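Beneath this line is the structure, given in structure tokens, with notes to follow.
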Amino acid sequence: MTLNMKNYKGYEKKPYCNAHYPKQSFTMVADTPENLRLKQQSELQSQVRYKEEFEKNKGKGFSVVADTP
């Protein structure tokens, strides 16, 4: 097959035919223990999680004591 104007495809300003036209492929990232740990740590450090925990624990931990004369 020869490259001509009928079967020409351009990619990054370079001519290609249908057989050699670059195709994009995606790679799946495996859930390694290190990636899972980093995901968990980033969730714990997020402001949403932090504020949620604060609101849940806000009413706990102290009680009002009346002063005695």
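The numbering of the sequence shown is this note's numbering, which starts it at 1 and goes up by one. Quick reminder that beta carbons are idealized off the backbone N, C-alpha and C, glycines included. Given the structure is predicted, the values throughout are model-derived calculations rather than measurements.
Cα-Cα separation between S86 and A19, rounded to whole angstroms
Residue 86 falls outside the range modelled here, since the chain spans only 1 to 69, and no answer is possible.
Could you spell out where the beta strand (DSSP E) holding K58 opens and where it closes?
Here residue 58 refers to the residue found at position 58 of the sequence shown. In the DSSP assignment, K58 falls outside any beta strand (DSSP E), carrying neither H nor E.
Collapsed DSSP secondary structure at Y11 in the structure displayed:
Position 11 of the sequence shown, counted from the start, is the residue given in the question as residue 11. Y11 carries a strand assignment under DSSP once its states are collapsed to helix, strand and coil.
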